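First the structure, in the form of structure tokens, and then the observations on it.
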Amino acid sequence: MAKFTSLKEAVADNLRDGDVVAFEGFTHLIPHAAVHEAIRQGRKELTLVRMTPDLVYDQMIGMGMAKKVVFSYAGNPGVGLLRRFRDAVENNWPHALEVEEHSHAAMANAYEAGAAGLPCAVFRGYKGAGLKNVNSNIREVVCPFTGETLAAVPSVRPDVTFIHAQKANRKGDVLIEGIIGVQKEAVLAAKRAVVTVEEVVENFDDVHPNACILPNWTISNVCVVPGGAHPSYAHGYYIRDNASYVEWDAIAADREKFTDWMNKNVMEKDETVFASRIENLKGAGK
Amino acid sequence: MSEAFSPDEMMTIAAARALGNSDICFVGIGAPSAACNVARLTHAPDITLIYESGTIGTAPDVLPLSIGDGELCETAVTTVGVPEMFRYWLQGGRISIGFLGAAQLDKFGNINTTVIGDYGAPKTRLPGGGGAPEIASSCGEIFITMKQSLRGMVEKIDFFTSFGHGSGGNHRQELGIATKGPTLLVTDLAVWKPDPVTKEFTVRSLHPGVTREQVQATCGWEVKFADDLGTTEAPSEQELNTLRDLKARTKAAHEGQAA
Numbered sequence: 000m001a002k003f004t005s006l007k008e009a010v011a012d013n014l015r016d017g018d019v020v021a022f023e024g025f026t027h028l029i030p031h032a033a034v035h036e037a038i039r040q041g042r043k044e045l046t047l048v049r050m051t052p053d054l055v056y057d058q059m060i061g062m063g064m065a066k067k068v069v070f071s072y073a074g075n076p077g078v079g080l081l082r083r084f085r086d087a088v089e090n091n092w093p094h095a096l097e098v099e100e101h102s103h104a105a106m107a108n109a110y111e112a113g114a115a116g117l118p119c120a121v122f123r124g125y126k127g128a129g130l131k132n133v134n135s136n137i138r139e140v141v142c143p144f145t146g147e148t149l150a151a152v153p154s155v156r157p158d159v160t161f162i163h164a165q166k167a168n169r170k171g172d173v174l175i176e177g178i179i180g181v182q183k184e185a186v187l188a189a190k191r192a193v194v195t196v197e198e199v200v201e202n203f204d205d206v207h208p209n210a211c212i213l214p215n216w217t218i219s220n221v222c223v224v225p226g227g228a229h230p231s232y233a234h235g236y237y238i239r240d241n242a243s244y245v246e247w248d249a250i251a252a253d254r255e256k257f258t259d260w261m262n263k264n265v266m267e268k269d270e271t272v273f274a275s276r277i278e279n280l281k282g283a284g285k
Numbered sequence: 000m001s002e003a004f005s006p007d008e009m010m011t012i013a014a015a016r017a018l019g020n021s022d023i024c025f026v027g028i029g030a031p032s033a034a035c036n037v038a039r040l041t042h043a044p045d046i047t048l049i050y051e052s053g054t055i056g057t058a059p060d061v062l063p064l065s066i067g068d069g070e071l072c073e074t075a076v077t078t079v080g081v082p083e084m085f086r087y088w089l090q091g092g093r094i095s096i097g098f099l100g101a102a103q104l105d106k107f108g109n110i111n112t113t114v115i116g117d118y119g120a121p122k123t124r125l126p127g128g129g130g131a132p133e134i135a136s137s138c139g140e141i142f143i144t145m146k147q148s149l150r151g152m153v154e155k156i157d158f159f160t161s162f163g164h165g166s167g168g169n170h171r172q173e174l175g176i177a178t179k180g181p182t183l184l185v186t187d188l189a190v191w192k193p194d195p196v197t198k199e200f201t202v203r204s205l206h207p208g209v210t211r212e213q214v215q216a217t218c219g220w221e222v223k224f225a226d227d228l229g230t231t232e233a234p235s236e237q238e239l240n241t242l243r244d245l246k247a248r249t250k251a252a253h254e255g256q257a258a
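In the order they appear, the protein sequences are chains A and B.
Numbering (numbering that gives the first Met the number 0) for the first sequence: 0 to 285.
Numbering (numbering that gives the first Met the number 0) for the second sequence: 0 to 258.
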């Protein structure tokens with residue numbers, strides 16, 4: 000049953016050194032505030048799972064928290080490459096990073112298989128693709144009915160998943176709207192789940208019967224963090240801060256600049272700063 | 000005769016023309032996204048544009064910066080989860096055209112967006128495949144658009160992110176891939192189509208004012224030209240205006256979003 004707690008408490012209670020952790024949100028509702036709290040708490044040796052590592056994993060990798068990253072697209076969307084991720088892969092800075100690379104189809108299937116309690120995902124994919132040769136977790140199975148050769152990958156079963164959502168009701172049920180990505184699957188695949196939300200409302204009586212709702216008993220902690228997805232966006236609340244994504248490219252390009260930025264904007268702050276970051280972005284995201 | 004246009008504009012417009020009103024198109028970000036939306040705003044108003052973020056039948060007023068911008072969801076017929084996108088819609092065989100860009104491309108339409116150099120010790124680590132490996136094998140056919148350069152169009156790609164025609168001929172069928180693969184390449188200089196037998200990309204038309212030498216000078220493999228080599232029709236005023244308005248709206252919208 001979901002507990003309403005502070006983000007600090009939720010991260011301390013649910014994220015441990017060495018965990019397999021997914022911070023999900025596919026180009027929308029990216030849980031930046033939760034990632035920043037994990038950085039402040041200094042967790043180590045994490046296996047970071049995420050389809051699109053994005054700025055959040057660039058930051059965690061640059062801060063030396065990642066042992067391994069499992070992913071399918073390591074870019075800064077609309078801008079270019081991830082400089083900290085690159086520095087880790089190309090130069091082992093701040094230390095070597097193990098990489099398990101998939102396609103989106105494989106990752107999406109692997110989360111779904113995790114949510115379904117299956118050990119692996121089976122799909123038609125990776126035909127002629129080079130990843131098969133460099134990732135031993137991409138294998139083949141033969142359909143027992145048709146003889147067709149299909150791709151198989153292990154399911155994703157995180158120790159803990161973090162997501163950001165628009166709202167929770169008083170009981171701790173969570174509503175996700177807009178581009179819903181793999182958040183539902185990532186939560187249901189995990190042993191523990193933490194959700195940051197923009198706000199808490201009395202009830203979901205006015206919500207469409209087929210809306211994407213995670214019942215409170217699928218979630219460990221709910222934390223109210225307005226603006227907690229910034230510079231990503233929250234559909235209906237605030238728009239994407241594209242300028243921040245562009246600025247990140249220059250910040251992450253330089254180790255010293257990066258460390259300095261992380262100190263000023265993450266280490267010396269807490270989650271309450273996110274509300275102020277979206278002040279100029281509200282209203283247009285409808 | 001229409002007014003002056005840039006090679007980039009010609010590329011986007013030539014790519015847009017290849018799309019039809021009844022196509023169901025899986026849209027890659029960047030150049031493909033511009034071409035698909037120009038098609039929608041000119042001759043193909045009913046084209047279905049799908050982005051991998053789960054937005055089906057989207058009609059954005061400005062070009063998205065990422066494949067998951069809010070604009071895509073707000074204007075879509077429906078938005079589904081990412082597993083459903085890849086399972087029911089892409090793998091299910093409901094998409095007629097996949098439109099991709101490429102960092103590195105070879106003459107058989109194989110694409111690399113993963114690494115430059117060796118995978119284990121890369122010179123440059125690129126973002127990776129994202130949805131492309133399965134887009135390349137599950138869509139009915141594949142259109143590719145990219146600017147020509149010696150770095151981009153190479154004899155041998157460093158990594159097979161997305162399989163095109165492999166080493167040519169029937170390589171796709173040999174691997175059990177039933178879809179057509181790359182059937183069109185539009186660059187800033189020319190329109191290319193694969194040879195029906197070898198599957199090697201062959202230049203079918205040069206954009207207005209472009210020479211064979213220019214195409215060869217910016218391509219890392221020995222270029223084949225069709226016997227009946229033509230000239231790409233110059234952009235019409237309507238096509239150019241549509242593209243320029245779209246770009247201007249996009250620029251204004253994205254600048255306006257700065258905090």
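Built from N, CA and C at the ideal position, the CB exists for glycine as well.
Since the structure is predicted, the reported quantities are computational estimates derived from the model, not experimental observations.
Spatial neighbours of residue i within its chain, please: C-beta separation below 7 Å, excluding the five flanking residues on both sides.
i: B/GLN237; result: THR41
i: B/PRO132; result: THR160, SER161
i: B/GLU126; result: As written in the sequence, residue 126 of chain B is Pro, which differs from the Glu given in the question. The answer, listed in chain order, is THR112.
i: A/ASP12; result: ASN220
i: A/LEU280; result: TYR237, ILE238, ASP240
i: A/LYS285; result: With a pLDDT of 42 at A/LYS285, under the threshold of 50, the modelled position of this residue cannot be trusted; read the value that follows with caution. Answer for A/LYS285: GLY235, listed in chain order.
i: A/PHE25; result: MET50, THR51, ILE178, GLY180, VAL181
Please report whether the beta-carbon of residue i lies at a distance below 8 Å from any beta-carbon of chain B.
i: A/TYR232; result: yes
i: A/GLU89; result: yes
i: A/GLY284; result: Because A/GLY284 sits at a pLDDT of 45, beneath the cut-off of 50, its placement in the model cannot be relied upon, and the following sentence gives the value as read from the coordinates. Answer yes: the Cβ-Cβ gap between A/GLY284 and chain B drops below 8 Å somewhere.
i: A/THR160; result: no
i: A/GLY227; result: no
i: A/ASN20; result: The sequence shown places Val at residue 20 of chain A, not Asn. No - not a single Cβ of chain B is within 8 Å of the one on A/VAL20.
i: A/ILE238; result: yes
i: A/GLY63; result: no
i: A/ARG85; result: yes
i: A/GLY77; result: yes
For a cutoff of 8 Å on Cβ pairs, would you count residue i as touching chain A?
i: B/ILE49; result: no
i: B/GLU221; result: no
i: B/LYS250; result: no
i: B/ASP117; result: no
i: B/GLY108; result: no
i: B/GLU8; result: no
i: B/GLY229; result: no
i: B/SER32; result: no
i: B/PRO195; result: no
i: B/MET0; result: In this prediction, B/MET0 scores a pLDDT of 46, lower than 50, which makes its location untrustworthy; no coordinate-derived value is stated.
i: B/PHE4; result: no
Anything in chain A within Cβ reach of residue i, meaning under 7 Å, just list it in chain order.
i: B/PRO126; result: TYR72, ALA73, GLY74, LEU80
i: B/LEU174; result: LYS126, GLY127
i: B/PRO82; result: ALA107, ASN108, TYR110, GLU111, VAL181, GLU184
i: B/GLY165; result: GLY127
i: B/PHE25; result: None at all; the shortest Cβ gap to chain A is about 11 Å.
Give the range of the alpha helix (DSSP H) segment to which residue i is assigned.
i: A/PHE273; result: 272-276
i: B/LEU62; result: Neither: B/LEU62 is in no alpha helix (DSSP H) and is coded neither H nor E.
i: A/PHE84; result: 82-90
i: A/ASN241; result: 241-251
Near residue i, which residues of its chain fall below 6 Å by C-beta distance, leaving aside the five closest residues on each side in sequence?
i: B/PHE200; result: LYS106, LEU184, TRP191, PRO193
Could you work out which residues of chain A lie near residue i, taking near to mean beta carbons separated by less than 9 Å?
i: B/ARG86; result: ALA104, ALA107, ASN108, GLU111, PHE122
i: B/SER52; result: PHE25, THR26, HIS27, ILE178, GLY180
i: B/GLY97; result: Those do not exist, as B/GLY97 stays about 12 Å from chain A at its closest Cβ, beyond 9 Å.
i: B/ILE28; result: PRO76, GLY77
i: B/PHE200; result: Near B/PHE200 there are no residues of chain A at all, since even the closest Cβ is about 17 Å away, more than 9 Å.
Residue range of the beta strand (DSSP E) that residue i falls in?
i: B/ALA38; result: No beta strand (DSSP E) holds B/ALA38; the alpha helix (DSSP H) holding it covers 30-40.
i: B/CYS72; result: Per DSSP, B/CYS72 belongs to no beta strand (DSSP E); it is in the alpha helix (DSSP H), 69-73.
i: A/SER231; result: It is not in any beta strand (DSSP E) - A/SER231 carries neither H nor E in the DSSP assignment.
i: A/LYS7; result: No beta strand (DSSP E) holds A/LYS7; the alpha helix (DSSP H) holding it covers 6-13.
i: B/PHE224; result: 223-230
Excluding sequence positions up to five away, which residues of its chain have a Cβ less than 8 Å from the Cβ of residue i?
i: A/GLY127; result: none
i: B/VAL81; result: GLU51, SER52, GLY53
i: A/MET59; result: VAL34, ALA37, ILE38, LEU45, LEU47, ALA65
Going along chain B in order, which residues have a C-beta closer than 8 Å to the C-beta of residue i?
i: A/THR148; result: GLY175
Check the Cβ of residue i against every Cβ in chain B and list those closer than 9 Å, keeping chain order.
i: A/GLY17; result: Under the 9 Å cutoff, chain B gives no residues; its nearest Cβ is about 25 Å from A/GLY17.
Output, in chain order, the set of chain A residues within a Cβ distance shorter than 8 Å of residue i.
i: B/GLN90; result: ALA104, PHE122, ARG123, GLY124
i: B/THR78; result: GLY177, ILE178, ILE179
Practice problem: With 7 Å as the C-beta to C-beta threshold (strictly closer), list the residues of the stretch 100-129 of chain A near chain B in chain order. | Solution: GLU100, SER102, HIS103, ALA104, ALA107, ASN108, TYR110, GLU111, PHE122, ARG123, GLY124, TYR125, LYS126, GLY127, ALA128, GLY129
Quiz item: What residues from the stretch 64-75 of chain B come within 7 Å of chain A, judged by C-beta to C-beta, listed N to C?
Solution: LEU64, SER65, ILE66, GLY67, ASP68, GLY69, CYS72
Quiz item: What are the residues of the stretch 126-150 of chain B that lie near chain A, defined by any Cβ-Cβ distance shorter than 9 Å?
Solution: PRO126, GLY127, GLY128, GLY129, GLY130, ALA131, PRO132, GLU133, ILE134, ALA135, SER136, SER137
Practice problem: Using a Cβ-Cβ cut-off of less than 7 Å, list which residues of the stretch 183-216 of chain A approach chain B; keep chain order. | Solution: LYS183, GLU184
Quiz item: Which residues, in order along the stretch 133-144 of chain A, keep a beta-carbon less than 8 Å from a beta-carbon of chain B?
Solution: VAL133
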